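Novice:
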Amino acid sequence: MMVTVLLFGETLRQAVDENEVQCETAGVTTVKQLLEANQDKLAGLLPFLSKGELLVAINKKVGALDSAVKDGDTIKLTHQVHPTMDGAMWQNP
197 MMVTVLLFGE TLRQAVDENE VQCETAGVTT VKQLLEANQD KLAGLLPFLS
247 KGELLVAINK KVGALDSAVK DGDTIKLTHQ VHPTMDGAMW QNP
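Residues in the sequence shown are numbered from 197 upward in steps of one, following my numbering.
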């Protein structure tokens, strides 16, 4: 089974040297588990993962590191410079 990981922003692209990575998965897993299981391709993302600096979207919907992914899903990752800002600041001025 295959999952596509799209990387947005120069910081993440430089960390992996790719814009798009295809990852094998044995079944339903989480985004975090997928990143950790594919260190051969995505090792450059682990520092951002450990600091909580990744924003996640799965199939055009907001996701999280513990969101489930399955065969055929597309994960979009963006570097979040300020992890304390969760993207909902406009709702909570």
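We put the CB at the ideal spot given by N, CA and C, even for glycine. The structure displayed is predicted, hence computed values, not measured ones.
(1) Around the C-beta of Val-277, are 16 or more other C-beta atoms found within 10 angstroms, so that it is buried, or is it exposed?
(2) Taking C-alpha atoms, which residue in His-275, Ala-253 and Val-265 lies nearest to Lys-247?
(3) Label Asp-267 either buried or exposed according to how many other C-beta atoms from any shown protein chain fall within 10 Å of its C-beta, with 16 as the threshold for buried.
(4) For the beta strand (DSSP E) holding Leu-202, just list the boundary residues, first then last.
(5) In three-state DSSP terms, what is Lys-256?
(6) Sorted by chain position, which residues of the same chain lie with C-beta nearer than 8 Å to Val-224's C-beta, five sequence neighbours on each side aside?
(7) If we ignore side chains and look at the alpha-carbon of each, how far apart do Leu-238 and Leu-245 end up?
(8) Mark Leu-242 as exposed unless 16 or more other C-beta atoms lie within 10 angstroms of its C-beta, in which case mark it buried.
(9) Distance, Cα to Cα, Val-258 vs Leu-250?
Specialist: With the given structure in hand:
(1) Counting from one through the sequence shown, the residue named residue 277 turns up at place 81. Exposed is the call here.
(2) The sequence position of residue 247 within the sequence shown is 51, counting from 1. Of His-275, Ala-253 and Val-265, the residue nearest in Cα terms is His-275.
(3) The sequence position of residue 267 within the sequence shown is 71, counting from 1. It is exposed - the Cβ of Asp-267 has fewer than 16 other Cβ atoms within 10 Å.
(4) Along the sequence shown, read from residue 1 onward, the residue named residue 202 stands at position 6. Element bounds for Leu-202: 198-204.
(5) Mapped onto the sequence shown, residue 256 falls at position 60. Three-state DSSP puts Lys-256 in coil, outside helix and strand.
(6) In the sequence shown, residue 224 corresponds to position 28, counting from 1. These residues qualify, in order along the chain: Ala-264, Val-265 and Lys-266.
(7) On the sequence shown, residue 238 is found 42 positions in, with the first residue counted as 1. On the sequence shown, residue 245 is found 49 positions in, with the first residue counted as 1. Approximately 11 Å between the Cα atoms of the pair.
(8) The residue given as residue 242 occupies position 46 in the sequence shown. With fewer than 16 other Cβ atoms within 10 Å, it is exposed.
(9) Here residue 258 is taken as the residue at index 62 of the sequence shown, counted from 1. Here residue 250 is taken as the residue at index 54 of the sequence shown, counted from 1. For Val-258 and Leu-250, the distance between alpha carbons rounds to 12 Å.
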